[in-house]
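**Q** Heads up, the sequence shown is in the working numbering, so the first residue is 666 and it goes up one at a time. Don't be surprised by glycine CBs; every beta carbon is placed ideally from N, CA and C.
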Amino acid sequence: MWNNLSVLFVTTLLWSLVLSQSETCVTPLGRQSVCVSLYKCPTLLKAIEQGASRNSMVSSFLKGSLCGFQGDIPKVCCGPLPSAATQEQTQRLTQALAQGSISYNQEDSSPAPRNQCGVDTSGDRIYGGVPTELNEFPWMALLGYKNSTGTITYQCGGSLINRRYILTAAHCITGAIVLEYGILSTVRLGEYDTRTDVDCVGSKCADRYQEISVASAYPHPAYIYGTMNRKDDIGIVRLATRAEYTYYVQPICLVDNTDRLKTGDNVYVAGWGKPGFGVKKSPIKMKIRLSIFDKDACVSKYRRVGALLGENQFCAGGVFLEDTCRGDSGGPLMKRRPEGIWEAYGVISFGSDVCGSDGWPGVYTSVARYMDWIMNTLKTSNVPHNNNYSS
666 MWNNLSVLFV
676 TTLLWSLVLS
686 QSETCVTPLG
696 RQSVCVSLYK
706 CPTLLKAIEQ
716 GASRNSMVSS
726 FLKGSLCGFQ
736 GDIPKVCCGP
746 LPSAATQEQT
756 QRLTQALAQG
766 SISYNQEDSS
776 PAPRNQCGVD
786 TSGDRIYGGV
796 PTELNEFPWM
806 ALLGYKNSTG
816 TITYQCGGSL
826 INRRYILTAA
836 HCITGAIVLE
846 YGILSTVRLG
856 EYDTRTDVDC
866 VGSKCADRYQ
876 EISVASAYPH
886 PAYIYGTMNR
896 KDDIGIVRLA
906 TRAEYTYYVQ
916 PICLVDNTDR
926 LKTGDNVYVA
936 GWGKPGFGVK
946 KSPIKMKIRL
956 SIFDKDACVS
966 KYRRVGALLG
976 ENQFCAGGVF
986 LEDTCRGDSG
996 GPLMKRRPEG
1006 IWEAYGVISF
1016 GSDVCGSDGW
1026 PGVYTSVARY
1036 MDWIMNTLKT
1046 SNVPHNNNYS
1056 S
């Protein structure tokens, strides 16, 4: 009986991409859980035994719960099934979609198309450690954290990759940052100067920033809080409502899997971090040009302080007073293609305790190495929540 059940379940789920072989995972409802054998998850096992998988909504939920295999036995991200109210809500949604009364934004299930991303209309004026143009890098995001008193502070960066999702670092979603500053609750887009609601440079003024609540956040399931090397330091944030594309808010392209950086290549970072040693975070969006640092030399340097870098990380910077500092975490490391399109190659992860130390480059998570996970996370998490289907 059990073998037949396993074969049936595996056959049903063959099309699903395996999320992770690690212990931690996120259920289709966005809850943190553990990846275990199907037979150690009574809730999902009972649903299959009772034929609930014939319910299309539950069947999709079961498919989204797959997180690996143990031999021929499927492993699932164990958590509660959707409530009856949620199932009824989904049935109403399905009927509404069929009738054409609402539109479901399937485009949110993937990064912005390459003909609609990475466009920066400010021109090529990048030097190092200087303020950006008013409309430069329109994909830059500020991540806001709400503490127990309701105060929101912006402690991490990120990049808009379509109307609904932000790419950032896992350590900006979980771990010490939550304990110190509170839960990730909001994302600000189209910001330039955090001191003013409407930002102006000379006679030119930008639109007011867009402040959007966070619906859910997905740190990479293999990320382990507290390790010095911060492997798998990448995450996705889903916005509660879709961002509006404007002159000051646009998505960045994600690097193609085949593209590779070489030592010495010029790359760029931006954010609201510290512009220099002993200086407070900048209220104005800053930019700096860096060079890709030799990987072997970087691995050797960080090994001395107990951080063991992996193949999914790379290094950039290492020139005195030219670096990314605290407040830039989670933001993109970018490169401009010959045709003028900007791509995110990395996510800012960590660096030396003293920002801008000569010979100590910053460490970045490779976007190309995680494209499969990014694509799968967008697809599996892009489901309607709380009747918010088309916003």
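Using the three-state DSSP reduction, which class does G729 fall into: helix, strand or coil?
**A** Position 64 of the sequence shown, counted from the first residue, corresponds to residue 729. Here G729 sits in helix by DSSP.
**Q** So the beta strand (DSSP E) E801 belongs to, where does it begin and stop?
**A** Residue 801 sits at position 136 when you count from the first residue of the sequence shown. Unbroken run through E801: none, as it is neither H nor E.
**Q** Do the region 1033 to 1043 and the region 843 to 863 make contact, defined as three or more Cβ pairs closer than 8 Å?
**A** no
**Q** Smallest Cα separation from I917: which of T689, G744 and R779?
**A** Locating residue 917 in the sequence shown gives position 252, counting from the first residue. Looking at the Cα atoms, R779 is the closest of the given residues.
**Q** Could you spell out the range, first to last residue, of the beta strand (DSSP E) harbouring T851?
**A** Residue mapping note: residue 851 aligns to position 186 of the sequence shown, counting from 1. Its beta strand (DSSP E) spans residues I848 to L854.
**Q** Within 10 angstroms of the Cβ of Y912, are there 16 or more other Cβ atoms? Answer buried if so, exposed if not.
**A** Translated into positions along the sequence shown, residue 912 becomes position 247. That one is exposed.
**Q** Considering only the beta carbon of each residue, do R925 and A1009 sit closer than 9 Å?
**A** To locate residue 925, count along the sequence shown from 1; it is residue 260. To locate residue 1009, count along the sequence shown from 1; it is residue 344. Contact: no.
**Q** Tell me, please, which residues DSSP counts as bridged to T818.
**A** Working through the sequence shown from its first residue, we reach residue 818 at position 153. DSSP, once it has assigned bridges, lists Y810 as partnering T818.
**Q** Residues in its own chain within less than 6 Å of F1015 by CB, not counting five upstream and five downstream?
**A** One-based indexing of the sequence shown puts residue 1015 at position 350. Hits under 6 Å: R895 and V1028.
**Q** In the structure shown, what three-state DSSP assignment does Q697 receive?
**A** Numbered from its first residue, the sequence shown carries residue 697 at position 32. Three-state result, Q697: strand.
**Q** Could I get the ranges of all uninterrupted beta strand (DSSP E) runs contained in the region 992 to 1031, with 3 residues as the minimum, in chain order?
**A** 997 to 1001, 1007 to 1015 and 1026 to 1031
**Q** In angstroms with no decimal places, state the Cα-to-Cα distance between A835 and K1044.
**A** Translated into positions along the sequence shown, residue 835 becomes position 170. Translated into positions along the sequence shown, residue 1044 becomes position 379. Between A835 and K1044, the C-alpha separation is close to 19 Å.
**Q** What are the boundary residues of the alpha helix (DSSP H) that T689 is part of?
**A** In the sequence shown, residue 689 corresponds to position 24, counting from 1. Under the DSSP assignment, T689 falls outside any alpha helix (DSSP H), being part of the beta strand (DSSP E) whose first and last residues are T689 to V691.
**Q** Of the residues G783, T797, T818 and I899, which one's Cα is nearest the Cα of E1004?
**A** Numbered from its first residue, the sequence shown carries residue 1004 at position 339. That would be G783, whose Cα lies nearest to the Cα of E1004.
**Q** Looking only at C-alpha atoms, which of S994, A777, N1047 and G867 sits nearest to G823?
**A** Translated into the one-based positions of the sequence shown, residue 823 becomes position 158. That would be S994, whose Cα lies nearest to the Cα of G823.
**Q** Check the DSSP bridge columns for L904 and list the partner residues they point to.
**A** Counting from one through the sequence shown, the residue named residue 904 turns up at place 239. Beta-bridge pairing links L904 to V879.
**Q** Within 10 Å of its beta-carbon, does R829 have 16 or more other beta-carbons around it, so buried, or fewer, so exposed?
**A** Mapped onto the sequence shown, residue 829 falls at position 164. With 16 or more Cβ atoms within 10 Å of its Cβ, R829 is classed as buried.
**Q** Under DSSP, the alpha helix (DSSP H) around A962 begins and ends at which residues?
**A** Looking up residue 962 in the sequence shown gives position 297. Where A962 is concerned, the enclosing alpha helix (DSSP H) stretches over K960 to R968.
**Q** Can you check DSSP and say which residues form a bridge with T833?
**A** Residue numbering aside, residue 833 sits at position 168 when the sequence shown is read from its first letter. Per DSSP, G900.
**Q** What are the start and end residues of the beta strand (DSSP E) that includes I953?
**A** Walking along the sequence shown from the start, residue 953 turns up at place 288. Per DSSP, I953 belongs to the beta strand (DSSP E) from M951 to S956.
**Q** So N780 is in the beta strand (DSSP E); what residue range does that whole segment cover?
**A** Indexing the sequence shown from 1 puts residue 780 at position 115. Membership of N780 in any beta strand (DSSP E) is not indicated, and neither H nor E is assigned to it by DSSP.
**Q** What separation, rounded to the nearest whole angstrom, lies between the Cα atoms of W804 and V741?
**A** Here the question's residue 804 lines up with position 139 in the sequence shown. Here the question's residue 741 lines up with position 76 in the sequence shown. Going from the Cα of W804 to the Cα of V741 covers about 35 Å.
**Q** My understanding is that T818 touches Y846, with C-beta atoms under 8 Å, so please give their C-beta distance in whole angstroms.
**A** Position 153 of the sequence shown holds residue 818. Position 181 of the sequence shown holds residue 846. Rounded, the Cβ-Cβ distance is 6 Å, consistent with contact.
**Q** Among C821, V795 and R696, which has the Cα closest to the Cα of I1013?
**A** Taking the sequence shown and counting its residues from 1, one reaches residue 1013 at position 348. Per the C-alpha coordinates, the member of C821, V795 and R696 positioned closest to I1013 is C821.
**Q** What residue range is occupied by the uninterrupted alpha helix (DSSP H) comprising K927?
**A** Position 262 of the sequence shown, counting from 1, holds the residue named residue 927. Careful: K927 lies outside any alpha helix (DSSP H) and carries neither H nor E.
**Q** State the CB to CB distance for the pair G929 and S956, rounded to an integer number of angstroms; the pair is presumed to be in contact (CB under 8 Å).
**A** The sequence position of residue 929 within the sequence shown is 264, counting from 1. The sequence position of residue 956 within the sequence shown is 291, counting from 1. 6 Å between Cβ atoms; contact.
**Q** Determine the burial state of M1060: buried for a count of at least 16 other Cβ atoms within 10 Å of its Cβ, exposed for fewer.
**A** The chain is shown only over 666 to 1056; residue 1060 falls outside these bounds and no answer can be derived.
**Q** Please confirm whether I949 and T797 have their CB atoms less than 9 Å apart.
**A** Sequence index remark: in the sequence shown, residue 949 carries index 284 (1-based). Sequence index remark: in the sequence shown, residue 797 carries index 132 (1-based). Taking 9 Å as the Cβ cut-off, I949 and T797 qualify as a contacting pair.
**Q** Decide if G744 is buried, meaning its Cβ has at least 16 other Cβ atoms within 10 Å, or exposed.
**A** Here residue 744 refers to the residue found at position 79 of the sequence shown. Buried is the call here.
**Q** Taking 9 Å as the cut-off, decide whether the C-beta atoms of W1025 and G996 are in contact.
**A** Position 360 of the sequence shown, counted from the first residue, corresponds to residue 1025. Position 331 of the sequence shown, counted from the first residue, corresponds to residue 996. No, Cβ-Cβ distance for W1025 and G996 is not below 9 Å.
**Q** Just verifying my parser: in three-state terms, what is the DSSP assignment at A981?
**A** Here residue 981 refers to the residue found at position 316 when the sequence shown is read from its first residue. Here A981 sits in strand by DSSP.
**Q** Given a cut-off of 9 Å, decide if I877 and T839 are closer than it, judged by their beta-carbon atoms.
**A** Counted from its first residue, the sequence shown places residue 839 at position 174. Counted from its first residue, the sequence shown places residue 877 at position 212. Cβ distance not < 9 Å, so T839 and I877 don't count as in contact.
**Q** Locate the beta strand (DSSP E) running through I1039, then write down its first and last residues.
**A** Here the question's residue 1039 lines up with position 374 in the sequence shown. Careful: I1039 lies outside any beta strand (DSSP E), inside the alpha helix (DSSP H) at M1036 to S1046.
**Q** In the DSSP output, which residue or residues are listed as bridge partners for G659?
**A** The structure shown does not extend to residue 659, since the chain is modelled only from 666 through 1056, so no value can be given for it.
**Q** Measuring CB to CB, does L904 end up less than 9 Å from V879?
**A** Taking the first residue of the sequence shown as position 1, residue 904 is located at position 239. Taking the first residue of the sequence shown as position 1, residue 879 is located at position 214. For L904 and V879, yes; Cβs fall inside 9 Å.
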